[in-house]
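Visitor: Sending over a structure as structure tokens; questions will come in a sec.
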Amino acid sequence: MKPVIIGRSSSHFTRIARIFAEESRVEYDFHILRDMMSPKPEDYGGNPALKIPVLKTPSGSWFGALNVSRELWRQSSHKPDVSWPEDLTEPVSANAQELVLQSMATEVTLIMSRVSGGTENGAHQDKMRLSLGNMLGWLDENAASALNVLPAGREVSFLEVSLYCLVKHLEFREVLPTAPYTALTEFCQRFGTRASCAATVFRFDT
Ligand SMILES: N[C@@H](CCC(=O)N[C@@H](CS)C(=O)NCC(=O)O)C(=O)O
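Numbers 80 to 285, taken from my numbering, label the letters of the sequence shown in order.
Below, the structure is given as structure tokens:
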């Protein structure tokens with residue numbers, strides 16, 4: 080039985096998991112969560128947080144992009160050399176990982192309030208947008224140094240995959256213009272040549 084990823088083709092956290100499936104050469108069935116506003120944990124593979132992605136395997140459900148990516152890697156017979164977040168032992172790379180994941184979470188909050196008809200104005204929304212811009216600015220300045228200290232022999236890293244998914248998603252959902260972030264744009268052009276990126280392009284599920 081193939082593992083099942085529950086997610087959406089437009090979701091950046093789901094794309095991280097799907098890129099790891101491709102990099103690990105693990106086949107999976109993709110179950111699209113049709114209603115992002117569903118209040119039922121069973122629609123999210125039992126995830127009480129009501130979030131995607133979730134991976135369903137015979138041993139149980141795995142909640143969240145990092146858990147899903149690790150489990151796909153464990154199931155892989157190819158087992159690519161992956162640099163995981165715990166391997167980031169320099170402040171610049173560890174902080175880059177933190178800011179990528181925080182940016183993704185901030186983006187989710189901004190988009191969910193947009194699509195659910197909530198307010199897009201107000202002091203906290205303004206602060207979230209300021210925070211997101213600050214984080215992108217920091218990442219643009221520091222991405223090269225952060226990527227430089229990754230192990231040279233790695234095939235791929237969680238940092239690169241998540242950074243790529245973040246920047247491409249900001250463009251896809253038009254949350255903010257990414258062209259001014261030239262270092263991040265160049266990184267995406269380089270990293271985006273991988274087959275795993277081409278196989279998982281963002282799109283809206285119909
Ligand atoms: N901690 C989770 C976060 C997942 C997450 O926020 N996923 C978004 C989609 S990209 C989601 O489920 N949003 C629905 C919501 O916030 O209600 C992870 O690392 O995967």
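By construction, the Cβ of each residue, glycine as well, lies at the ideal position given by its N, Cα and C atoms.
Checking 9 angstroms against the spacing of the C-beta atoms, do Ala278 and Arg153 come in under that value?
Guide: Here the question's residue 278 lines up with position 199 in the sequence shown. Here the question's residue 153 lines up with position 74 in the sequence shown. Taking 9 angstroms as the Cβ cut-off, Ala278 and Arg153 do not qualify as a contacting pair.
Visitor: Is Arg87 closer than 9 angstroms to His157 when the C-beta atoms are compared?
Guide: By 1-based counting over the sequence shown, the position of residue 157 is 78. By 1-based counting over the sequence shown, the position of residue 87 is 8. The answer is no: Cβ separation not under 9 angstroms.
Visitor: Assuming Phe92 and Ile131 are in contact, meaning their beta carbons sit under 8 angstroms apart, how far apart are those beta carbons, in whole angstroms?
Guide: For this step, residue 92 is matched to residue 13 along the sequence shown. For this step, residue 131 is matched to residue 52 along the sequence shown. Right, the Cβ-Cβ distance comes to about 7 angstroms (below 8 angstroms), so this counts as a contact.
Visitor: Could you check whether Leu129 and Pro137 sit closer than 9 angstroms to each other, using their CB atoms as the reference points?
Guide: The sequence position of residue 137 within the sequence shown is 58, counting from 1. The sequence position of residue 129 within the sequence shown is 50, counting from 1. Not closer than 9 angstroms, so no.
Visitor: What did DSSP end up calling Gly139 once you bin it into helix, strand or coil?
Guide: Here residue 139 corresponds to residue number 60 of the sequence shown, with the count starting at 1. If DSSP states are grouped into helix, strand and coil, Gly139 belongs with the strands.
Visitor: Of all the options Arg208, Val179, Met214 and Lys81, which has the alpha carbon lying nearest to the alpha carbon of Tyr107?
Guide: Along the sequence shown, one-based indexing puts residue 107 at 28. Considering only alpha carbons, the answer is Lys81.
Visitor: Give the single residue among Cys276, Gly124 and Ala231 whose Cα lies nearest to the Cα of Leu245.
Guide: Position 166 of the sequence shown, counted from the first residue, corresponds to residue 245. That would be Cys276, whose Cα lies nearest to the Cα of Leu245.
Visitor: Start and end of the beta strand (DSSP E) containing His110?
Guide: In the sequence shown, residue 110 corresponds to position 31, counting from 1. Element bounds for His110: Asp108 to Ile111.
Visitor: Can you list the alpha helix (DSSP H) stretches of 4 or more residues lying completely in the stretch 117-192, in chain order?
Guide: Segments of the alpha helix (DSSP H) lying fully in the stretch 117-192: 144-154.
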